[in-house]
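Just so we're aligned: 218 in this note's numbering is position 227 of the sequence shown, and the numbers increase by one with no gaps anywhere. Ideal Cβ positions, reconstructed from N, Cα and C, are used throughout, including at glycine. Please read all numbers here as calculations on a predicted model, not as lab measurements. Everything below concerns the one structure shown next.
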Amino acid sequence: MTRAKPTREWFHDWFGEEYLALYPHRDEREAREAVALFLDVSSPEPGFRVLDLACGAGRHLRELQAVGLSATGLDLSATLLQSARAAAPTDPLVRGDMRELPFSRGAFEGLTSFFTSFGYFAEPDDDRRVLREVSRVLRPGGAFMLDFLNADRVMQDLVAEDCREVGRRRVRQIREIADGVVVKQIRIEPLDQGMVQRFEERVRLYSLEQLESLLADAGLTTMHRFGEYGGAPFTEGSARLILAGRRTLVERETE
């Protein structure tokens, strides 16, 4: 079934106060494991500059800083950046769109994209723009890690609907896959009196082969394929699809 394209990008509305209220305690141990995996594949030297793309409230950024990297976080959500700043006031934070990064060519030796922060846009060309920008801001030979969904596992295990209570809220989520995109409708209803709020979340699914092809087109060579933060190899049944590698040593003439 073909659906009309949204007129406003969903993430402008969803990644705000309600998102933080519903997910107040993301897994810090998981963040440490993800950063440790990045360290294993990147072998950073002193002064290693890394960009945490779509850093959100900063849990991975704090771990990158804690292990001694010169880490900068970028996110589009002012609310999530405010939360990140409250938790770590000295961490460098930048507000910006991942399709047009506000950094110079070759500004970073490393770049991370954790916790499914890719595939957000209505047009697949925008996903390609993101990867071209990743390539541009990485120095030749720079390391990247892209942490994404395992599309096969998502399609196999998709939960069509669930309902739970968080604090004094009832949260109902309805999921479907339409035109290769996981669409989640989120309805938040106060248990006391108050206004019902509705949000949407959309993530385009990419297979291993599709994602590697997109990376290669942007000048990013995949060298490692993991299925979990502990470093197990990727399989069809893996919970995650985590790709890591290097930017090509040859500079691209056009971006």
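Exercise for the section: Tell me whether Ala248 sits in a helix, a strand or coil according to DSSP, three-state version. Expected result: One cannot answer for residue 248 here, as it falls past the ends of the chain, which runs -8 to 246.
Handout entry: Cβ neighbours of Phe6 in the same chain (closer than 6 Å, five flanking residues each side left out)
Key = Ser68, Leu71
Practice task
Note down, in chain order, each residue of its chain lying with its Cβ closer than 6 Å to the Cβ of Thr251, except the 5 sequence neighbours on either side.
Solution key: One cannot answer for residue 251 here, as it falls past the ends of the chain, which runs -8 to 246.
Problem - Member of Leu199, Gly228, Ala207, Ser204 whose CA lies at the smallest distance from the CA of Arg216 - result: Leu199
Handout entry: Burial state of Pro12, where buried means 16 or more other Cβ atoms lie within 10 Å
Key = Residue identity differs from the one stated: residue 12 is Ala in this sequence, not Pro. Exposed, since its Cβ has fewer than 16 Cβ neighbours within 10 Å.
Exercise for the section: Confirm, please, whether the CB-CB distance from Arg237 to Ala169 is below 7 Å. Expected result: no
Practice task
For Asp31, verify whether its CB is less than 6 Å away from any heavy atom of the ligand ATP.
Solution key: The model on display carries no ligand, and the ligand ATP is accordingly not part of it.
Handout entry: Distance between Gln184 and Leu92 (C-alpha atoms, nearest Å)
Key = 42 Å
Exercise for the section: Helix, strand or coil for Ala98, going by three-state DSSP, please let me know. Expected result: coil
Problem - At least three beta-carbon pairs within less than 8 Å, the segment 45 to 64 to the segment 192 to 209 - result: no
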